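Take a look at the structure below.
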Amino acid sequence: MNIDAIYWMGAAFAFVFGAVVGSFLNVVIYRVPAGLSVVSPPSRCPVCESQIRWYDNIPIISWALLLRGKCRDCGTPIPARYALVEALTGVLTAALWFKVAHPFFTSVEVFTQTPAINYLLPFGLYFFFLCLMVVITFVDLDHTIIPHKFTLPGMAVGVAVPFLFNWLLEPGALADFWPKVTVFESVVGLIAGGLAVIVIFYAYFALRGIAGIGGGDVTLMAVVGAWLGWPALIFVFFAASMQGTLAAVAAMIFGGSSLLRDHGELLADEEEQELREEAAERFEADTVAELEEPSEPAVESPDTESPAADEPAEDEPAEDEATDEDQTASPMAVPFGPFIALAAVEHFFIGDLLPSALSMSYLYEFGHW
């Protein structure tokens with residue numbers, strides 16, 4: 001038995017599995033905030049309404065090689081973010097496999113004597129956590145909201161994880177796993193994570209008179225605390241703040257929030273009915289405008305001339321002015337949720353490699369599995 005071959009085959013399978021799930025996460029990211037079903041209707045092109053063929057739904061490969069980023073039938077561009085989410089989920093899943101499975105694949109003896117549940121259970125649970133972070137990141141980037149449909153189940157599962165490990169795994173099964181989160185640390189992390197953001201919210205509001213952080217960030221920090229324990233919250237908060245500040249500065253330099261949010265291309269999973277309605281409204285407006293245009297040049301006369309015609313059209317660009325104001329009012333404003341998720345993933349994967357003063361790893365020594 002070649003234990004190394006099995007280990008690397010597991011990593012390859014983890015990447016493929018993650019990429020396939022990432023394709024589904026793309027659907028979740030778009031449809032759940034819109035109140036749409038993630039099952040029906042099947043994915044289709046929003047322009048020509050052609051249903052996506054199965055071989056055009058192969059993660060990463062279809063977008064990059066078969067379709068070359070365009071609809072097969074009408075040539076409508078398909079955003080690269082679809083392939084990005086698939087690749088990101090695949091990489092995170094493979095990294096999770098390396099993290100969880102490595103202690104059990106050091107030798108043939110260890111592998112054969114280890115129950116598969118010892119690495120498959122933590123792999124499955126933390127895979128859910130990573131998928132949750134991916135979905136929340138891109139939903140918050142798109143809509144600047146974090147739906148409770150994501151965070152509330154995340155809290156429940158996060159608190160249940162230590163119970164499941166205690167119940168289903170033999171003592172010492174996760175001796176080499178990090179972070180070692182106890183039931184106490186998980187529950188306190190959930191409460192402390194939410195309360196910390198609430199305190200920041202009211203403090204910022206008292207100083208500035210505006211809400212500097214959203215309610216979704218409260219529940220997201222509670223999710224992170226439940227999964228990683230309260231010792232992780234210090235690192236997550238400061239790492240998220242620093243990385244968020246850097247992104248905000250970059251967004252300001254490169255033109256407002258356009259650095260983080262991409263609305264320039266159509267998404268292949270957009271609801272086709274919504275697009276048809278928008279197209280119909282535009283067509284109707286254009287038709288009415290054409291009918292109202294005079295077929296011959298109008299002749300000005302004192303009887304038909306309107307006083308408003310000679311006045312500067314000061315009110316006409318009001319809509320455009322409002323749009324410009326919205327786009328430039330707060331160039332430093334970026335959603336905080338993606339950076340909380342990023343810091344949480346960083347702490348999960350590399351926290352044990354950082355100095356204990358940064359990762360707060362020494363605080364986990366107060367509890368055991």
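The opening position of the sequence shown corresponds to residue 1 in full-length UniProt numbering, with each subsequent residue numbered one higher.
Glycine included, each C-beta is placed from N, C-alpha and C at the ideal position.
The structure displayed is predicted, hence computed values, not measured ones.
1. On the three-pair Cβ rule with 8 Å, is the stretch 185–202 touching the stretch 224–237?
2. So, at 6 Å on beta carbons, what are the nonlocal neighbours of residue 42 in its own chain, with the 5 sequence-adjacent residues on each side left out?
3. With a cut-off of 8 Å on the beta carbons, I'd call residue 187 and residue 159 a contact; round off their distance for me.
4. For residue 132, does the count of other Cβ atoms within 10 angstroms reach 16, so buried, or fall short, so exposed?
5. Going by the DSSP bridge assignment, what does residue 70 pair with across the sheet?
6. Please state if the CB of residue 100 and the CB of residue 15 are separated by a distance shorter than 8 Å.
7. Just tell me which of 65, 73, 81 has its CA closest to the CA of residue 29.
8. Buried or exposed for residue 202, going by 16 or more other Cβ atoms inside 10 Å?
9. Please state the DSSP three-state secondary structure of residue 44.
10. By how many angstroms is the C-alpha of residue 165 removed from the C-alpha of residue 130?
11. Would you call the stretch 338–346 in contact with the stretch 241–255, where contact means no fewer than 3 C-beta pairs closer than 8 Å?
12. In the structure shown, what three-state DSSP assignment does residue 16 receive?
13. Mind checking whether residue 35 and residue 89 have CB atoms under 8 Å apart?
14. Given residue 198, which residues of its chain have a CB within under 7 Å of its CB, disregarding the five upstream and five downstream residues?
15. On the DSSP bridge assignment, give the partners of residue 51 in chain order.
16. Near residue 359, which residues of its chain fall below 6 Å by C-beta distance, leaving aside the five closest residues on each side in sequence?
17. Rounded to a whole number of angstroms, what is the C-alpha to C-alpha distance between residue 61 and residue 205?
18. Below 8 Å on the Cβ atoms is my guess for residue 21 versus residue 31; work out the distance and round it to an integer in Å.
19. My guess is that residue 127 and residue 118 are in contact by the Cβ rule of under 8 Å, so how many angstroms apart are they, rounded?
20. Could you check if residue 185 is buried or exposed, using at least 16 other CB atoms within 10 Å of its CB as the buried criterion?
21. Below 8 Å on the Cβ atoms is my contact criterion, and I expect residue 139 with residue 146 to pass it. Report the Cβ-Cβ distance as a whole number of Å.
22. Quick check: the Cα distance between residue 56 and residue 25, rounded to an integer number of angstroms?
23. For residue 181, does the three-state DSSP call read helix, strand or coil?
24. What number of angstroms, rounded off, separates the C-alpha of residue 75 from the C-alpha of residue 45?
25. Select from 102, 66, 70 the residue whose C-alpha is nearest the C-alpha of residue 7.
26. Here's a check: name, in chain order, each residue in its chain whose Cβ is nearer than 6 Å to the Cβ of residue 240, leaving out the five neighbours to either side.
27. Select from 97, 72, 64 the residue whose C-alpha is nearest the C-alpha of residue 9.
28. So for residue 176, helix, strand or coil by DSSP?
29. Count the other CB atoms, across all protein chains shown, that sit within 10 Å of the CB of residue 136; report buried if there are 16 or more and exposed otherwise.
30. Consult DSSP for residue 144 and reduce its assignment to one of helix, strand or coil.
31. As an exercise, report each continuous alpha helix (DSSP H) stretch of at least 4 residues that is fully enclosed by the stretch 177–238, in chain order.
32. Tell me the rounded alpha-carbon separation between residue 354 and residue 346.
33. Compare the C-alpha of residue 53 against each of 237, 64, 73 and name the closest.
34. Do residue 216 and residue 151 have their beta-carbon atoms positioned less than 8 Å apart in this structure?
35. Would the beta-carbon of residue 64 fall within 8 Å of that of residue 94?
36. With distances taken from CA atoms, which of 125, 363, 177, 181 is nearest residue 154?
Based on what the coordinates show:
1. yes
2. 51
3. 6 Å
4. buried
5. 77
6. no
7. 81
8. exposed
9. strand
10. 18 Å
11. yes
12. helix
13. no
14. 218
15. 44
16. 235, 351
17. 47 Å
18. 15 Å between Cβ atoms; not a contact.
19. Incorrect: roughly 15 Å between the Cβ atoms, too far for contact.
20. buried
21. 7 Å
22. 17 Å
23. coil
24. 10 Å
25. 102
26. 339, 340, 343
27. 97
28. coil
29. buried
30. coil
31. 183–208, 215–228
32. 10 Å
33. 73
34. yes
35. no
36. 125
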